[in-house]
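Visitor: One structure coming up, written as structure tokens, with questions to follow.
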Amino acid sequence: MKIAFTLACCALLLAACATTSEQQGASAVAKLSAKSGSQVRGEIKLTQVGSRVRIAGEVTGLAPGEKGLHIHERGDCSAADAASAGGHFDSHEPKNWSTRHGGPHAADRHSGDLGNIVFDQNGKAVVNMMVGGIAVDQGPIGIIGRALVVHFLADDLKTDPTGDAGARAACGVIER
Ligand code: CU
Ligand code: ZN
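Numbering (the working numbering), first residue to last: -1 to 174.
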């Protein structure tokens, strides 16, 4: 009887956990290809988690330190320098959303401003961030069909419109 009661309690606790944790939704992937003569490789998964998006994966092939990461407006990585991907994705949503460049958690930012990823001494960056203001769909704030871009330099999180992050070292179309 006591064991049954304990089991019932456990089941209730587990149910509570399941309903209060944020539900994982749609996911997409961006396979990065090297651009501008770099040796960058990587694959990043983008998963809807509640109202935010988890951006996670590994990128290799850049010098140690912080390098800018953005979602650019067009899912076109065909140009050798990835200029075909256009500028930073800016949804202008919600209305009156600022169009100035910023960090991933700034009130003033482009939707695609993801800040920096950090490369270690072996030239590897482990990416794992949660970002709001975007969604894994094709709606007004959707990122499907856009491009994920890694830069050669650090994003200073303020210089408008580029973050002064230098040339585009890798580009990958965000696809389901
Ligand atoms: Cu960029
Ligand atoms: Zn920006």
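Each residue gets a CB set at the ideal place from its N, CA and C atoms; glycine is no exception.
1) Does the ligand CU have a heavy atom nearer than 7 angstroms to the CB of residue 78?
2) Taking buried to mean at least 16 other C-beta atoms within 10 Å of its own C-beta, is residue 80 buried or exposed?
3) Give the range of the beta strand (DSSP E) segment to which residue 111 is assigned.
4) Which residues does DSSP list as the beta-bridge partners of residue 169?
5) Going by the beta-carbon positions, is the gap between residue 33 and residue 41 smaller than 8 angstroms?
6) Taking the runs of the beta strand (DSSP E) that are 3 residues or longer, which of them lie wholly in the segment 64 to 97?
7) If distances are taken between C-alpha atoms only, which option among 162, 155, 145, 164 comes closest to residue 72?
Guide: Considering the structure as presented:
1) What you label residue 78 is simply residue 80 of the sequence shown in a count that begins at 1. Not so, every heavy atom of the ligand CU lies at least 7 angstroms from the Cβ.
2) Taking the first residue of the sequence shown as position 1, residue 80 is located at position 82. Residue burial is scored here from C-beta neighbours: residue 80 has at least 16 other C-beta atoms within 10 angstroms and is therefore classed as buried.
3) Taking the sequence shown and counting its residues from 1, the one referred to as residue 111 is at position 113. 111 to 117 is the extent of the beta strand (DSSP E) around residue 111.
4) As a working mapping, residue 169 is identified with position 171 in the sequence shown. Partner residues in the beta bridge of residue 169, as assigned by DSSP, are 31, 147.
5) For this step, residue 33 is matched to residue 35 along the sequence shown. For this step, residue 41 is matched to residue 43 along the sequence shown. In this structure, residue 41 does not lie closer than 8 angstroms to residue 33 by Cβ.
6) For the segment 64 to 97, not a single whole beta strand (DSSP E) run of length 3 or above is found.
7) Locating residue 72 in the sequence shown gives position 74, where the first residue counts as 1. Proximity to residue 72 across 162, 155, 145, 164 peaks at 145, based on C-alpha coordinates.
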